[in-house]
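Asker: Those sequence lines, one after another, are chains E and X.
Taking this note's numbering, the leading residue of the first sequence gets 1, the next gets one more, and so forth.
Taking this note's numbering, the leading residue of the second sequence gets 440, the next gets one more, and so forth.
Here a beta-carbon is modelled for each residue, glycine too, at the ideal position from N, C-alpha and C.
Fair warning: this is a prediction, and the values are worked out from it, not measured in the lab.
Just dropping this structure here.
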Amino acid sequence: METETGLANPIEQAFQNHIDGLDTAPAWWTEFKRQSFEVYANMPMPTRRDEHWRFSDRSRLETIEGFSFDDSHSATISHKYSEWSNIASSETAALTFVDDQLAEASPLPEDFLQAGVIWLPLAEAIQSHGDLLKDYFMKQAADLGSEKFAQLHAAFVKSGALLYIPKGVEIENPFAVFNWSSLSNGTIFPHTLVIAEENSKASLVEFHGSIGENPALSCGVTHLFAGVGSKIDYTLVQNFNEQTLGFQINSNVAGRDSQIDMHSVILGCQQYRSETHGQVKGARAHVDMRSMALTEANQEIDQRTLQTHAAPNATSNLLFKNALMGESKTIFSGLIKVDDKAQQTDAYQTNRNLLLNRTAEANSLPGLEIEANDVKCSHGATTSEIDEEEIFYMLARGIPKPVAQELVVYGFFEEVLDRIVDDTLAESARQMIRSKFHH
Amino acid sequence: MTATATQLEIDRDKGDFKYEESHKYDAGVGLNEGTIDYICDVKGENDWIRDFRKRALKVFEGKPMPTHWATKDLENIDFSKIRYYLSGDNRSKKNWDDVPDEVKETFERLGIPENERKFLAGVEAQFDSEAAYSNIKEAVSKDGVIFMGSTEGLMEHPEIFKKWFGKVIPTGDNKFSALNSSVFSGGSFIYVPPGVKVSHPLQAYFRINAENFGQFERTLIIADEGAEVTYMEGCTAPKFDTATLHSAVVELVAMPGAKIEYITVQNWSSNVFNLVTKRAIAHEDAVVKWIDCNIGSRLTMKYPGVVLKGRRARGEVMSIALANEGQHQDTGAKMIHAADETTSNVISKSISVGKGRSTYRGQVHMPKHLKGCKNNTECDALLINSDSRTDTYPAITVRGEENYVQHEASVSKVSAEQIFYMQQRGLSEAEAMSLSVNGFVNDLTRQFPMEYSVELKRLIELEMEGSVG
Numbered sequence: 001m002e003t004e005t006g007l008a009n010p011i012e013q014a015f016q017n018h019i020d021g022l023d024t025a026p027a028w029w030t031e032f033k034r035q036s037f038e039v040y041a042n043m044p045m046p047t048r049r050d051e052h053w054r055f056s057d058r059s060r061l062e063t064i065e066g067f068s069f070d071d072s073h074s075a076t077i078s079h080k081y082s083e084w085s086n087i088a089s090s091e092t093a094a095l096t097f098v099d100d101q102l103a104e105a106s107p108l109p110e111d112f113l114q115a116g117v118i119w120l121p122l123a124e125a126i127q128s129h130g131d132l133l134k135d136y137f138m139k140q141a142a143d144l145g146s147e148k149f150a151q152l153h154a155a156f157v158k159s160g161a162l163l164y165i166p167k168g169v170e171i172e173n174p175f176a177v178f179n180w181s182s183l184s185n186g187t188i189f190p191h192t193l194v195i196a197e198e199n200s201k202a203s204l205v206e207f208h209g210s211i212g213e214n215p216a217l218s219c220g221v222t223h224l225f226a227g228v229g230s231k232i233d234y235t236l237v238q239n240f241n242e243q244t245l246g247f248q249i250n251s252n253v254a255g256r257d258s259q260i261d262m263h264s265v266i267l268g269c270q271q272y273r274s275e276t277h278g279q280v281k282g283a284r285a286h287v288d289m290r291s292m293a294l295t296e297a298n299q300e301i302d303q304r305t306l307q308t309h310a311a312p313n314a315t316s317n318l319l320f321k322n323a324l325m326g327e328s329k330t331i332f333s334g335l336i337k338v339d340d341k342a343q344q345t346d347a348y349q350t351n352r353n354l355l356l357n358r359t360a361e362a363n364s365l366p367g368l369e370i371e372a373n374d375v376k377c378s379h380g381a382t383t384s385e386i387d388e389e390e391i392f393y394m395l396a397r398g399i400p401k402p403v404a405q406e407l408v409v410y411g412f413f414e415e416v417l418d419r420i421v422d423d424t425l426a427e428s429a430r431q432m433i434r435s436k437f438h439h
Numbered sequence: 440m441t442a443t444a445t446q447l448e449i450d451r452d453k454g455d456f457k458y459e460e461s462h463k464y465d466a467g468v469g470l471n472e473g474t475i476d477y478i479c480d481v482k483g484e485n486d487w488i489r490d491f492r493k494r495a496l497k498v499f500e501g502k503p504m505p506t507h508w509a510t511k512d513l514e515n516i517d518f519s520k521i522r523y524y525l526s527g528d529n530r531s532k533k534n535w536d537d538v539p540d541e542v543k544e545t546f547e548r549l550g551i552p553e554n555e556r557k558f559l560a561g562v563e564a565q566f567d568s569e570a571a572y573s574n575i576k577e578a579v580s581k582d583g584v585i586f587m588g589s590t591e592g593l594m595e596h597p598e599i600f601k602k603w604f605g606k607v608i609p610t611g612d613n614k615f616s617a618l619n620s621s622v623f624s625g626g627s628f629i630y631v632p633p634g635v636k637v638s639h640p641l642q643a644y645f646r647i648n649a650e651n652f653g654q655f656e657r658t659l660i661i662a663d664e665g666a667e668v669t670y671m672e673g674c675t676a677p678k679f680d681t682a683t684l685h686s687a688v689v690e691l692v693a694m695p696g697a698k699i700e701y702i703t704v705q706n707w708s709s710n711v712f713n714l715v716t717k718r719a720i721a722h723e724d725a726v727v728k729w730i731d732c733n734i735g736s737r738l739t740m741k742y743p744g745v746v747l748k749g750r751r752a753r754g755e756v757m758s759i760a761l762a763n764e765g766q767h768q769d770t771g772a773k774m775i776h777a778a779d780e781t782t783s784n785v786i787s788k789s790i791s792v793g794k795g796r797s798t799y800r801g802q803v804h805m806p807k808h809l810k811g812c813k814n815n816t817e818c819d820a821l822l823i824n825s826d827s828r829t830d831t832y833p834a835i836t837v838r839g840e841e842n843y844v845q846h847e848a849s850v851s852k853v854s855a856e857q858i859f860y861m862q863q864r865g866l867s868e869a870e871a872m873s874l875s876v877n878g879f880v881n882d883l884t885r886q887f888p889m890e891y892s893v894e895l896k897r898l899i900e901l902e903m904e905g906s907v908g
């Protein structure tokens with residue numbers, strides 16, 4: 001791993017500093033990180049021949065080590081950052097991170113604490129709930145192309161949220177996590193881990209954004225574990241500035257009779273790669289994954305999804321909608337995999353692309369791999385401009401064309417936005433969408 | 440129903456026969472420059488063809504197997520054990536009486552009877568590499584239509600051949616098009632002059648007879664301005680113990696306003712690797728339609744494509760694939776839109792029986808300077824048994840103005856209710872299943888010429904035998 005001169009390169013130096021800074025962490029944690037970094041360093045970058053990277057611009061991947069991984073200097077956290085957390089309101093408890101430093105934590109209500117709910121920043125959870133993390137942390141492998149970046153995440157991750165809901169506990173209001181990036185050329189590694197035990201219920205909303213216009217790298221992971229009969233509802237709103245390079249690796253495991261709803265609102269980043277793997281592992285589980293992305297200028301939003309069915313009588317439903325402006329580019333690559341054991345599966349996958357500019361480019365790779373015969377599986381992908389008739393209808397009522405187009409786009413996204421459990425967050429997302437049309 | 444079943448059994452055997460091989464020319468096993476020299480010398484080809492073949496060989500050797508997206512089964516092809524050129528007699532027979540009896544017998548068993556010959560405009564049948572029999576009705580040739588083996592085409596009409604040869608599918612398009620370019624022999628060459636509408640379909644049958652002999656036919660069809668032609672190919676192959684390779688290249692050129700319909704009904708034996716590159720160029724207002732039925736073979740990889748080069752050109756692919764036990768049908772379509780207001784339509788139906796696997800792989804491409812293009816793609820898969828498998832991998836890229844693309848795919852099984860309904864009316868489960876499957880493909884088959892849709896229905900019935908119960 002060392003260069004010919006024997007001197008460590010910047011990322012190795014940064015990793016060494018990172019490990020040195022973990023002096024109070026348990027040994028397994030530092031060992032796990034060392035191994036992750038080793039694997040990261042030895043794993044080749046995705047190549048042109050890699051099907052998981054078909055249509056993607058891989059040129060920026062080569063530059064990621066140009067970002068600063070050095071976390072030895074701690075940013076001064078100003079209290080005012082918490083004001084930016086007003087984008088969600090109804091939360092049970094919230095954690096705010098700025099450049100991977102905990103900026104604010106609103107306390108977990110006492111009765112939930114009594115009920116055994118665990119809600120902790122990752123750094124604290126490693127000290128106090130190491131055994132739980134040992135069982136669940138990074139236990140869902142990245143398998144959609146970003147294996148190398150998942151290892152990078154594991155090597156450098158230090159902040160994030162752990163939510164553990166014990167058996168039978170139901171919490172109505174969502175938990176909230178805010179991840180901000182502010183440093184120039186900085187790196188953040190947001191991590192969210194939700195474990196819902198038998199027949200429990202919880203929701204979590206997460207926001208990723210930038211303070212200022214500095215370029216940055218975000219490499220995040222979200223893992224959801226839904227136990228038997230449990231329900232998890234998760235929303236991620238991503239609105240980084242358009243200098244940021246983002247990776248987001250999502251995965252969920254749905255146990256018997258469980259339900260997982262996973263929503264993404266994607267607005268920011270110069271280039272954003274998101275991978276979502278929905279794993280149906282228990283019979284009669286239901287997994288619903290929805291996403292919307294609004295792109296402009298030269299943004300590239302690259303989304304890869306996988307729905308795997310390993311158990312019978314389960315359903316999964318995926319809806320990914322993109323509206324493209326400017327010279328932007330989207331890639332949707334989705335696959336439904338149904339094992340031969342997963343009879344009576346209902347699995348659907350839909351990708352809709354709305355081209356708002358002739359130089360925008362929408363790529364769609366909707367796939368199916370079906371090994372069971374008694375299934376209902378389908379996928380659909382459409383790409384088109386706004387239907388002229390819809391515009392005409394509004395023009396006839398005196399609505400100017402640009403406004404009419406905007407309204408159609410808002411309507412197009414509502415199918416995703418109206419599923420967000422936190423009304424304030426949904427409204428904030430609508431505002432962010434609006435401001436993309438008017439800046 | 441028993442009588443019908445017996446009838447069908449007899450039909451099934453038609454592909455399972457083999458004649459003693461007596462080949463006048465045999466290039467031996469393996470592929471190197473010497474093989475190419477042998478082929479060129481036997482065929483008496485010009486130096487430019489020899490150079491073309493040798494360049495192609497280098498490309499073939501330099502290209503890796505496309506196993507980063509395709510099945511690893513490709514690695515089981517041992518190119519060093521294949522015979523690349525065999526020929527019974529080097530010259531095409533112009534007269535039916537000159538055709539050797541054993542070849543005639545092959546035709547008989549394949550079912551090219553006299554009455555069919557009367558019906559069809561011309562019969563161009565291929566026994567191993569060379570066209571063994573060729574006959575064109577006067578009505579066709581007097582309009583200036585050229586229909587002959589591509590070997591003869593290359594010799595007799597180099598001015599037309601050379602202009603389009605390798606232009607639709609360049610040598611380096613993929614590993615197997617490069618292989619074909621280095622060792623091609625046989626195949627059809629058709630030229631239809633401007634404005635000529637060939638009223639009857641032109642037809643060719645291909646056969647593979649010699650064990651371990653790869654068939655590398657090369658077909659080039661040019662429909663000049665406003666011309667129309669339908670070409671049909673049927674393929675059956677005898678069963679062999681070791682794998683056989685078939686790797687054809689088919690190039691179609693539809694000049695402005697022309698129409699080409701290319702129909703394939705294949706029934707390869709289940710040890711054949713069938714790796715075919717088929718592509719058309721459609722100029723302004725031209726229409727190209729591929730109708731492709733894939734039954735049999737160990738592995739078929741075939742994605743007929745249309746490059747829509749002229750304004751308002753239209754491309755269509757209609758395909759049916761049936762993957763039985765041990766078979767993998769990896770088929771699909773490519774629609775490359777390269778002019779405004781071009782339209783394309785892909786309808787694909789697949790049936791997987793037993794452990795059979797059918798795969799749809801498609802590409803639709805609309806670049807940014809285009810407007811008013813439309814594509815519709817529908818893929819329906821039917822799974823018969825619990826261990827049958829189907830995959831769908833389309834790739835769609837859209838830019839430009841007023842372009843519209845829709846893709847839909849569904850996977851289903853034969854509904855238990857349908858089977859129950861038919862069983863109640865006295866059909867056996869197998870008959871009911873067969874009827875359902877035929878119903879599934881019916882809206883496609885009824886668009887085929889009558890004799891092909893009949894043949895196909897019977898082939899499907901045969902394949903479905905023993906799949907249930």
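Which residues in chain E have a C-beta closer than 9 Å to the C-beta of Leu822(X)? List them in chain order.
Answerer: Ile370, Glu371, Ala372, Asn373, Asp374, Val375
Asker: Can the beta-carbon of Ser686(X) be found less than 8 Å from the beta-carbon of Gly626(X)?
Answerer: no
Asker: So is Pro10(E) in contact with chain X if we call contact Cβ pairs under 8 Å?
Answerer: no
Asker: From this set, Asn214(E), Ala141(E), Ala155(E), Val177(E), which residue's C-alpha is nearest Asn185(E)'s C-alpha?
Answerer: Asn214(E)
Asker: Verify the CB distance criterion: does His203(E) have a CB-CB separation below 8 Å to chain X?
Answerer: Before going further, note that residue 203(E) is Ser rather than His in the sequence given. It does not; no Cβ of chain X falls within 8 Å.
Asker: Counting only Cβ pairs nearer than 8 Å, list the residues of chain X close to Ser378(E).
Answerer: Those are Glu847, Ala848, Ser849, Val850, listed as they occur along chain X.
Asker: Anyone know if the C-beta pair for Ala466(X) and Ile478(X) falls short of 8 Å?
Answerer: yes
Asker: Give the residues from the region 276-308 of chain E that approach chain X closer than 7 Å (Cβ to any Cβ), ordered along the chain.
Answerer: none
Asker: Can you give, in chain order, each stretch of the alpha helix (DSSP H) that sits fully within the region 801-878 of chain X and has at least 4 residues?
Answerer: Counting whole runs of 4 or more residues, the region 801-878 of chain X contains the alpha helix (DSSP H) stretches 855-863.
Asker: Run through DSSP, which three-state label would Lys532(X) get?
Answerer: With a pLDDT of only 45 at Lys532(X), under the threshold of 50, the placement of this residue in the model should not be trusted; the figure read from the coordinates follows. Correct three-state label for Lys532(X): strand.
Asker: Can you give me the start and stop residues for the beta strand (DSSP E) that Lys741(X) sits inside?
Answerer: 738-741
Asker: Give the single residue among Ser851(X), Leu659(X), Ala772(X) whose Cα lies nearest to the Cα of Cys732(X).
Answerer: Ala772(X)
Asker: Who pairs with Trp119(E) in a beta bridge, going by DSSP?
Answerer: Leu163(E)
Asker: Between which two residues does the alpha helix (DSSP H) harbouring Lys601(X) extend?
Answerer: 597-603
Asker: So, does the CB of Glu4(E) fall closer than 8 Å to a CB anywhere in chain X?
Answerer: For Glu4(E), the predicted structure reports a pLDDT of 48, less than 50, and the residue's modelled location is therefore unreliable. A value from the coordinates is still provided. It does not: the Cβ of Glu4(E) has no partner Cβ on chain X nearer than 8 Å.
Asker: Any C-beta of chain E within less than 9 Å: which residues of the region 830-842 of chain X qualify?
Answerer: Asp830, Thr831, Tyr832, Pro833, Ala834, Ile835, Thr836, Val837, Arg838, Gly839, Glu840, Glu841, Asn842
Asker: Please confirm whether Val338(E) and Glu371(E) have their CB atoms less than 8 Å apart.
Answerer: yes
Asker: Can you say whether Ala426(E) is buried or exposed, counting buried as having 16 or more other CB atoms within 10 angstroms of its CB?
Answerer: buried
Asker: Are the region 825-832 of chain X and the region 365-380 of chain E touching, with three or more C-beta to C-beta distances below 8 Å?
Answerer: With a cut-off of 8 Å, the region 365-380 of chain E and the region 825-832 of chain X count as touching, because enough Cβ pairs lie within range.
Asker: Closest to Lys606(X) by CA distance: which of Leu659(X), Ser621(X), Gln642(X) is it?
Answerer: Leu659(X)
Asker: Three or more beta-carbon pairs under 8 Å between the region 427-436 of chain E and the region 94-105 of chain E, yes or no?
Answerer: no
Asker: Measuring only the C-alpha atoms, how far is Tyr136(E) from Pro505(X)?
Answerer: 38 Å
Asker: CB Val726(X) to CB Ser783(X), shorter than 8 Å?
Answerer: The answer is no: Cβ separation not under 8 Å.
Asker: Which chain E residues are close to Asp826(X), counting only those with a beta carbon under 9 Å from its beta carbon?
Answerer: Asp340, Glu371, Ala372, Asn373
Asker: Using a Cβ-Cβ cut-off of 8 Å, state whether Lys511(X) counts as contacting chain E.
Answerer: no
Asker: Count the other CB atoms, across all protein chains shown, that sit within 10 Å of the CB of Ala176(E); report buried if there are 16 or more and exposed otherwise.
Answerer: buried
Asker: Among the candidates Glu390(E), Thr295(E), Gln279(E), whose CA atom is the shortest distance from the CA of Glu242(E)?
Answerer: Nearest of Glu390(E), Thr295(E), Gln279(E) to Glu242(E), Cα basis: Thr295(E).
Asker: Could you list the residues in the region 616-641 of chain X with a C-beta less than 9 Å from some C-beta on chain E, going in chain order?
Answerer: none
Asker: For my contact list, Ala283(E) and Ala311(E) are in at a C-beta cut-off of 8 Å; report their separation, rounded to the angstrom.
Answerer: 5 Å
Asker: Can you tell me whether His804(X) is buried or exposed, with buried defined as 16 or more other CB within 10 angstroms of its CB?
Answerer: buried
Asker: Using a Cβ-Cβ cutoff of less than 6 Å, which residues in the same chain neighbour Glu555(X) once the five nearest sequence positions on both sides are dropped?
Answerer: For Glu555(X), the predicted structure reports a pLDDT of 43, less than 50, and the residue's modelled location is therefore unreliable. The matter cannot be settled from this model.
Asker: Does chain E have any CB closer than 8 Å to the CB of His596(X)?
Answerer: no
Asker: Could you tell me the boundaries of the beta strand (DSSP E) in which Gly130(E) lies?
Answerer: Counting along the chain, Gly130(E) falls outside any beta strand (DSSP E), though it belongs to the alpha helix (DSSP H) covering 130-136.
Asker: Buried or exposed for Asp111(E), going by 16 or more other Cβ atoms inside 10 Å?
Answerer: By the 10 Å Cβ count, Asp111(E) comes out exposed.
Asker: Ends of the alpha helix (DSSP H) at Lys401(E)?
Answerer: 401-417
Asker: Keeping to the same chain, check which residues put their C-beta closer than 6 Å to that of Phe413(E); ignore five residues upstream and five downstream.
Answerer: Result list for Phe413(E): Met292, in chain order.
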